[in-house]
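Written below as structure tokens is the structure these notes are about.
Numbering (the working numbering), first residue to last: 19 to 307.
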């Protein structure tokens with residue numbers, strides 16, 4: 019069983035950050051919680067160990083800021099900072115000599131002892147949600163973030179297009195090949211009037227697709243009758259009500275019926291994606307208020 023460390027990134031005074039931090043501290047009182055960001059509430063700094071994101075910038079991350087080109091219908095600053103956070107997490111983990119990171123978005127609530135729940139993923143280098151989402155991700159090997167950051171750097175740094183992208187020193191593809199594939203997919207989205215575009219999830223999906231399959235896990239899979247939620251607004255083969263997963267509480271833990279397995283599944287976390295959904299988080303916390 020690997021010792022866990024919880025990593026957050028957040029900018030701003032949002033109330034949902036406090037709900038998420040309090041819930042994580044309540045369910046994992048002995049786990050270190052690290053918060054990278056800017057302009058966060060003072061209470062957040064009392065719950066987590068706070069690091070200003072500007073203090074964690076490095077030469078490679080500065081190059082990303084300089085080279086970034088926006089390929090998305092979403093806000094440019096938002097997409098850039100979502101990608102940048104993985105450089106900052108890596109830099110902080112290196113600074114603290116940590117190998118194991120459990121990263122979750124600030125609109126998530128945690129209901130489980132991580133050291134117990136994540137033991138099922140000890141044999142994986144990392145485990146994503148829904149194959150591409152890092153809203154909740156378990157990382158057991160810091161070289162994963164080195165590989166991810168190198169992929170991002172090679173995509174935006176046009177001076178590297180002729181170089182090979184390598185995973186743990188194993189050459190995979192030239193950066194211009196990867197770049198062409200990603201831009202082709204993006205152009206198809208534009209052609210078909212689809213929202214979104216190239217974001218950190220895109221890079222995680224591309225990275226996972228080139229990595230060794232046996233070393234990558236799916237954290238939103240059902241394991242021992244429990245799961246980490248991908249998105250409370252998505253059915254994902256669970257019963258829904260009012261456009262959300264229909265949650266039933268059992269001993270203070272959220273459960274939902276999986277329609278394929280035809281049984282109740284324990285949810286280790288819930289992801290309240292979307293502005294309106296975030297406002298509901300206060301109704302789903304279990305810490306003492």
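Glycine residues also receive a C-beta, built at the ideal position from the N, C-alpha and C atoms.
- Between the region 150-158 and the region 232-241, the count of Cβ pairs shorter than 8 Å is three or higher; the stretches touch.
- Of all alpha-carbon atoms in 203, 230, 115, the one lying nearest the alpha-carbon of residue 165 is that of 230.
- Excluding the 5 residues flanking it on each side, residue 50 has same chain C-beta neighbours closer than 8 Å at 23, 24, 67, in chain order.
- Within a 10 Å sphere around the beta-carbon of residue 307 sit fewer than 16 other beta-carbons, which makes this residue exposed.
- Between residue 125 and residue 248, the gap from beta carbon to beta carbon reaches 8 Å or more.
- Residue pairing of residue 275 in beta bridges, as defined by DSSP: 282.
- Listed in chain order, the beta strand (DSSP E) elements of length 3 or more contained wholly in the region 82-126 are 119-122.
- The beta carbon of residue 277 sits closer than 7 Å to those of 255, 256, 257, all from its chain and outside the five residues before and after it, given in chain order.
- Per DSSP, reduced to three states, the secondary structure at residue 139 is helical.
- Runs of the alpha helix (DSSP H) lying entirely within the region 180-220, each at least 4 residues long, are 193-209 in chain order.
- Within the same chain, Cβ atoms closer than 6 Å to the Cβ of residue 172 are found at 178, 183, 193, the five residues on either side in sequence being excluded.
- The secondary-structure analysis by DSSP pairs residue 289 across a beta bridge with 126.
- Residue 39 has its alpha-carbon roughly 7 Å from the corresponding atom of residue 62.
- Burial of residue 105 is indicated by the presence of at least 16 other C-beta atoms within 10 angstroms of its C-beta.
- For the pair of segments examined, the region 69-76 was found to touch the region 93-113: the number of CB pairs separated by less than 8 Å reaches three.
- In the DSSP annotation of this structure, residue 234 is not part of any alpha helix (DSSP H); the continuous beta strand (DSSP E) holding it starts and ends at 234-236.
- If you check the CB distance, residue 282 and residue 273 come in under 8 Å.
- Annotation: residue 96 to residue 187 spans about 31 Å, alpha carbon to alpha carbon.
- When 151, 270, 55 are compared, the shortest CA-CA separation from residue 217 is found for 151.
- Residue 37 sits in a helix when the DSSP states are folded into three classes.
- For residue 161, the enclosing alpha helix (DSSP H) begins and ends at 161-174.
- Residue 244 carries a strand assignment under DSSP once its states are collapsed to helix, strand and coil.
- Taking residue 90 as the centre and dropping the five residues before and after it, the same chain places the C-beta of 97, 214, 215, 216, 217 closer than 7 Å to its C-beta, in chain order.
- Annotation: residue 297 to residue 291 spans about 10 Å, alpha carbon to alpha carbon.
- The closest CA to that of residue 149, considering only 270, 252, 260, 239, is found on 239.
- A straight line joining the alpha-carbon of residue 162 with that of residue 59 spans about 31 Å.
- In the three-state reduction of the DSSP assignment, residue 67 falls in the strand class, which pools E and B.
- The Cβ-Cβ distance between residue 28 and residue 53 falls below 8 Å.
- Per the C-alpha coordinates, the member of 219, 189, 224, 211 positioned closest to residue 197 is 224.
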